[in-house]
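Structure first, commentary second.
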Amino acid sequence: MRGNLVIGAVLVGLTVVAALVSFVWTPHDPTLVDAAHRLAPPGGDYLLGTDKFGRDTLSQLMVGARTTLYVGIVAVGIAAVIGTPLGMLAGMTPRGWLSELIMRVNDLVFAFPALLLAVMLGAVYGAGTLTAMIAIGVATVPAFARIARAATMQVMVTDYIMAARAAGRRGPAIAVRHVLPNIGSMLIVQASVSFAIAILAEAALSFLGFGTRPPTPSWGRMLQEAQELLFSTPRLALWPGLAIALAVLGFNLLGDGLRDHLDPKLRRIRAER
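Those letters in the sequence shown? Residues 435 to 707, per my numbering, in order.
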């Protein structure tokens, strides 16, 4: 529905604006420890209050949005760059041994938990933002590969692909000039949905200590630091939890709205109604 697209775009837009503004301005230094203002209530100089270290909550949320979007963009980019060509290759040779090999490896990666991969990478290379991005990106590759393969198989049986083959065009040219433009809308929708998953994964990894390292603000680590004061000062967990929920909801609604808007079959069904 159009409403989903608008609401999703607004929520995503607010997250992006907060992240962009944090590059040039925040109410306070998000990493400044000020014991004199520890657990200050909302209001006055601290609109959303301060945490147990005296850091401004609003400033941390703004910079945390930047961290979340950065991890999401890179992780989804890794998944799309690796998964899309593999899925297209498998879809263009659906009965070949190469397609079977790609999809079996894809199933193996899909069955491997992303959190376990992050723990392994963290143990070898150390926990950090890079570890989180690689783990989330690799874990999301199978989703792009499956979508790209299914969409490519639908495109490969169309008349214009047969005409391109009859004209002597080779596989790479067909993939770039004919297949990719026709499956692009599905990949955009998958990217939006995967972005929501990446936000949740980054928050979970930071909560467990395998994501963004301090002092860089992160919504997941804000939740982790707030858990010991959950009953005495619940607002410390409320704000990052609300930020994660709204960002995930925004990307999910955006993906749902883009699917309805870009899918010609759904447009045709709506037109007939």
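Idealized CB from N, CA, C, for every residue including glycine.
- Secondary structure note for residue 534: its alpha helix (DSSP H) is the uninterrupted segment 531–545.
- In this structure, the alpha-carbon of residue 437 lies about 36 Å from that of residue 595.
- Looking at the backbone, the Cα of residue 488 and that of residue 680 are separated by about 25 Å.
- Between residue 650 and residue 501 the beta-carbon gap is near 6 Å, inside 8 Å, which marks them as a contact.
- Scanning 617, 460, 454, 641 for the CA closest to the CA of residue 592 turns up 617.
- Taking residue 623 as the centre and dropping the five residues before and after it, the same chain places the C-beta of 689, 692, 693 closer than 6 Å to its C-beta, in chain order.
- Contact between residue 509 and residue 449 fails: their C-beta atoms lie close to 16 Å from each other, not under 8 Å.
- Classified as exposed, residue 588 has fewer than 16 neighbouring CB atoms from the shown chains inside 10 Å of its CB.
- For residue 496, the CB contacts under 6 Å within the same chain, skipping 5 residues up- and downstream, are 452, 456, 460 in chain order.
- Judged by DSSP secondary structure, residue 594 falls within the alpha helix (DSSP H) whose first and last residues are 593–600.
- Note on residue 558: under 16 other CB atoms within 10 angstroms of its CB, so exposed under the neighbour-count rule.
- Burial state of residue 533 is buried, judged by a 10 Å Cβ sphere holding 16 or more other Cβ atoms.
- The three-state reading of DSSP puts residue 484 in strand, counting E and B together.
- Around residue 569, the same chain offers 548, 551, 552, 555 as residues with beta carbons nearer than 6 Å, after the five sequence neighbours per side are excluded.
- Linking residue 466 to residue 475 through their CA atoms gives a straight-line distance of about 17 Å.
- Taking all protein chains shown into account, residue 447 has fewer than 16 neighbouring C-beta atoms within 10 Å of its C-beta and is therefore exposed.
- Restricting attention to alpha helix (DSSP H) runs no shorter than 4 residues, the region 659–696 encloses them at 669–696, ordered along the chain.
- Assigned with DSSP and collapsed to three states, residue 560 falls in coil, not helix or strand.
- A distance of 7 Å or more separates the beta carbons of residue 506 and residue 608.
- In this structure, residue 583 sits near residue 524, with a CB-CB distance shorter than 7 Å.
- Closest in C-alpha terms to residue 492, from the list 686, 674, 682, comes 674.
- Its Cα nearest to that of residue 504, the residue 567 stands out among 464, 567, 545.
- Under the three-state reduction of DSSP, residue 477 is assigned to strand.
- Measuring C-alpha to C-alpha distances from residue 631 to each of 665, 683, 539 identifies 683 as the nearest.
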